[in-house]
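Take a look at the structure set out below.
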Amino acid sequence: AQRLKGKTIVITGASSGIGKSVALEFARTQPEDLKLVITARRIDTLKEVAKEIEGFAKGVKVHPVKLDVSKPDEIQGFVGQLPDEFKEVDVLVNNAGLVKGVAQAPNIAAEDIAVMFDTNVTGLINMTQAILPIFKARSDGGRGDIINIGSIAGREPYQGGSIYCATKAAVRSFTESLRKELIATRIRVIEIDPGQVETEFSVVRFYGDKDKAKKVYEGVEPLTGDDIAEVVVFAAGRRENVVLADTLVYPNHQAAATVMHRKT
Ligand code: NDP
Ligand code: 8X3
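One rule links them: number in the UniProt record's numbering = place in the sequence shown (from 1) + 5.
This is the structure:
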């Protein structure tokens, strides 16, 4: 908690699942003078998350911001509109992301392709480019953490996930290039790749069909958002010279994107 003292942390996709858990987990460590900028499209939900955090973590200031990362103009205005006390960002958690459908080529809807790339890839890149100048203005060529949430899907493509898998492979590639480009700085570029986590992810994949989403987790014990949040906060809390560059996290029943042990 001492190492996180006074830090300002920006989290995308903090209204649900892993991102919400990351916000709560940073707050749970109760560092002195922590500032959290929580962002997503659903501002009302973000305000509830802010209230929840302020209810148990008195030293933590929370600033909810409505931000659609798939809209470049919203990202462009984001840093300039931050209140002064939240402007010195130390950690960016690029978590916002989604999957739509299980369609296979040539039947993948154009709008699904666009929303996955615009959010998971272009959104993550644009957020990174918006925050990096803040990091680079600091001593030793720059300081700060970029923590990207990738996926097992970025390492191992599977049928019915071609676009989502391609977006997460792009995240992986961008992340690795960036780490090399920033080699002369103290900026840490970190990727955390979850396996199966039960969140709103599958509900979104099946366009709101909760029964279909539930079936994904039948007979298995997925990770929770909190499990991934613990890894994110651990990575951010390491000594500055320690970079948790690349982490794959599975639940016990999983050994590859499509290798699961199901109890029937
Ligand atoms: P959830 O659906 O529970 O959360 C996704 C979050 O992303 C929500 O807060 C949502 O907020 C936000 N989001 C979606 N689109 C946008 C957008 N255009 N602009 C801003 N925010 C957006 O899913 P998860 O928590 O599971 O997903 C978080 C990340 O984890 C994603 O990148 C996902 O790919 C990755 N992941 C998930 C795994 C899983 O099994 N669940 C496994 C591996 C990786 P809102 O709708 O309010 O905008
Ligand atoms: C989510 C994991 O394998 O369901 O990124 O696509 S998977």
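All C-beta atoms in this analysis are idealised placements derived from N, C-alpha and C, irrespective of residue type, glycine included.
Keep in mind that this is a model prediction, so the values were computed, not measured.
Proximity test, residue i beta-carbon vs ligand 2 heavy atom, cut-off 6 Å
i, result
"SER178", "no"
Whether residue i touches residue j by CB criterion (7 Å)
i, j, result
"GLY128", "VAL176", "no"
"PRO69", "LEU97", "no"
"GLY18", "ALA45", "yes"
"VAL236", "ILE197", "yes"
"ASP231", "SER21", "no"
"ILE168", "MET121", "yes"
"ALA32", "ALA62", "yes"
"ALA189", "GLY242", "no"
"GLY166", "ALA158", "yes"
"VAL15", "LEU103", "no"
"LYS40", "PHE91", "yes"
beta-carbon residue i near ligand 1 non-hydrogen atom, thresh 6 Å
i, result
"ASP89", "no"
"THR204", "yes"
"ARG46", "yes"
"GLY224", "no"
"GLY102", "yes"
"ILE154", "yes"
"ASP73", "yes"
"THR127", "no"
"PRO199", "yes"
"SER21", "yes"
Three-state secondary structure assigned by DSSP to residue i
i, result
"GLU57", "helix"
"LEU29", "helix"
"LYS185", "helix"
"GLN259", "strand"
"VAL15", "strand"
"ARG177", "helix"
"PRO77", "helix"
Burial state of residue i, where buried means 16 or more other Cβ atoms lie within 10 Å
i, result
"GLY224", "exposed"
"LYS10", "exposed"
"THR13", "buried"
"GLU186", "exposed"
"GLY60", "exposed"
"PRO227", "buried"
"residue 270", "In the structure as shown, the chain starts at 6 and stops at 269, and residue 270 therefore has no counterpart that could be examined."
"ASN112", "exposed"
"VAL126", "buried"
"VAL42", "buried"
"ASP95", "buried"
Chain-ordered residues, beta carbon under 5 Å from a heavy atom of ligand 2: Counting only beta-carbon distances shorter than 5 Å to the non-hydrogen atoms of ligand 2, the qualifying residues in chain order are SER156, ALA158 and ALA262.
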